[in-house]
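In full-length UniProt numbering, the protein residues as written are 1 to 121.
Below is one structure, written out as structure tokens; comments come after it.
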Amino acid sequence: MVQQLNRHSGLLYCHMVEPRITAHGRRQIPHGLLPFRKAFHGTFIAAGGYDREEGNKVVAEGYADLVAYGKLFLANPDLPRRFELDVALNKYDRSTFYTQDPIVGYTDYPFFEEEDGKNER
């Protein structure tokens, strides 16, 4: 199927999610998307619970062109800046992911305060 995507010149990227957490909650890095990465000739985006270090590594090694961050971005509205400064991240609260509350969970995470180094962890 991925090879068929190469035939569509207007297709900008292929974004795939790789399950990287075991049933016991342990993190693993299986690189199961590698065959798809090799087959697709365009920009390849991988997602699946990457942190800063792992994301940088898979891009540097050519496993992906870009890495998508979901839960980390929800809890850290300034995630690119936090990655740039290599500062602590807010922990996400899974119980607020799919609520109808327009404020709790999505818009109430604090930004990193560069001036005094304060941060939530």
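Ideal Cβ placement from N, Cα and C applies to all residues, glycine included.
Item	Value
Inter-stretch contact at 8 angstroms, needing at least 3 Cβ pairs: the region 35 to 48 / the region 74 to 94	no
Collapsed DSSP secondary structure at Arg-121 in the structure displayed	At Arg-121, the pLDDT of 47 sits below 50, so the modelled position is not reliable and the matter cannot be decided from this model.
Lys-91 versus Thr-107 - alpha carbon distance	14 angstroms
Alpha carbon of Phe-112 to alpha carbon of Gln-4, nearest angstrom	43 angstroms
CA nearest to the CA of Pro-19, picked from Leu-33, Arg-7 and Gly-10	Leu-33
Of the residues Gly-48, Phe-83, Arg-82 and Arg-81, the one placed nearest Val-67, counting alpha carbons only	Gly-48
Where the alpha helix (DSSP H) through Ala-60 begins and ends	52 to 60
Gly-55 versus Met-1: straight-line alpha-carbon distance, rounded	25 angstroms
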